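What follows is one structure encoded as structure tokens, with my remarks underneath.
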Amino acid sequence: MPGGQSSPQVVFNVEATCRSVTDTVSGVLSPGALRSQLASAAPVVLPSMLLCDFAHLADEIKRVEAAGVHALHLDVMDGHFVPNLTYGPTIVEACRSCTNLPIDCHLMISNPARYVADYHKAGANSLTIHIEAVPDPRPVLEQIRSLGALAGLALNPSTPLESILNVLDVCDLVLVMSVQPGFGGQKFQPVALEKLKQLRKLVKPEVLLEVDGGVNESTIKTCAEAGAQLFVVGSAIFGKEDYNQSVHHLCQLAHV
Ligand code: DX5
Ligand code: ZN
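At position 200 of the sequence shown the residue is numbered 204 (the working numbering), and the sequence of numbers has no breaks.
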């Protein structure tokens, strides 16, 4: 929780999920438990709040929560690693204050080591850094784990998979970018599919595979077939009137 030293407390609720789970499982989850819950709830659609109506942030969170999403995806951009600026920890804290959903922070920032503790303290449950942002991601991934969050590593469409192979042992999650990071609403790049397929064979079964960028009704199924479990979706939710219908349709399509 904001201000605390330990892992943010998450009440995980799998009622009304894409898998039509009827039991409600609530309780405070450790990072390991969160990882297994997300894996067993797959396919999991994570709304990228980047494209929500920020004048009504709390309402937007309630709307996606009511649609049965399992977590929120927050795109943190620093205007340096990517040519766009978004949230500081204050916004993460604001999100934390109005939901018990896990918060998945995608850090598109230079020097992530300097900020991971702040984002965790603000309420992030998973922190994903970019391989392109750090010469050696191992110490930062270990730092994230020691904070009590899931450690994620992202790679851009043009970055070869080989660049992350030697650090997969310290990843709880791998985020395969299917667009150049920085902006929502871009076209899906199929190069992500081959990476997902390769990763599914390379990583331990408990490592979560996430895909981000241009994921919509036309592309989600092939991502699921390639091995993705977590699907970050911006415009295909927030560009629609009915979030509930969009989330459920996407989940249906991702069942493979
Ligand atoms: C891009 C972000 C994505 C993006 C998703 O840098 O990481 O999360 O906002 O938006 P859509 O689904 O519109 O591509
Ligand atoms: Zn993202």
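Using N, Cα and C, we set each Cβ at its ideal position, and we do this for glycine too. Being a predicted model, the structure only gives us computed values, none of them experimental.
Test item: CB-CB of residue i and residue j under 8 Å
i    : j    : result
A232 : E221 : no
V251 : G127 : no
L78  : D108 : yes
G186 : M112 : yes
D176 : V211 : yes
V48  : H74  : yes
L197 : T226 : yes
V180 : L50  : no
L165 : K199 : yes
P141 : V120 : no
V144 : P116 : yes
First through last residue of the alpha helix (DSSP H) which encompasses residue i
i    : result
N36  : A small fix is needed here, since residue 36 is Gly in this sequence, not Asn. Start and end: P35 to A45.
T2   : With the chain represented from 5 up to 260, any question about residue 2 goes unanswered, as that position is not in the structure.
D122 : V120 to A126
H60  : Careful: H60 lies outside any alpha helix (DSSP H) and carries neither H nor E.
S250 : Y247 to A258
Residue(s) in a DSSP beta bridge with residue i
i    : result
E214 : L179 and L234
T132 : H110 and G156
P51  : V237
L76  : I107
Extent of the continuous beta strand (DSSP E) run through residue i
i    : result
A158 : L154 to L159
V86  : Per DSSP, V86 belongs to no beta strand (DSSP E) and is neither H nor E.
Whole-number beta carbon distance between residue j and residue i, since they are thought to touch under 8 Å
i    : j    : result
R39  : L157 : With 8 Å as the limit, R39 and L157 do not qualify as a contact, their Cβ atoms being about 14 Å apart.
V178 : Q193 : Contact flag wrong, Cβ pair sits at about 16 Å.
T94  : L76  : Contact doesn't hold; Cβ gap of about 16 Å is too wide.
V260 : A228 : 5 Å
L257 : L42  : Actually they do not touch by this definition, with Cβ atoms about 19 Å apart.
Got a list of residues with beta-carbon closer than 6 Å to any non-hydrogen atom of the ligand ZN, in chain order? The set, ordered by position in the chain, is S52, H77, D79, H110, D216 and V236.
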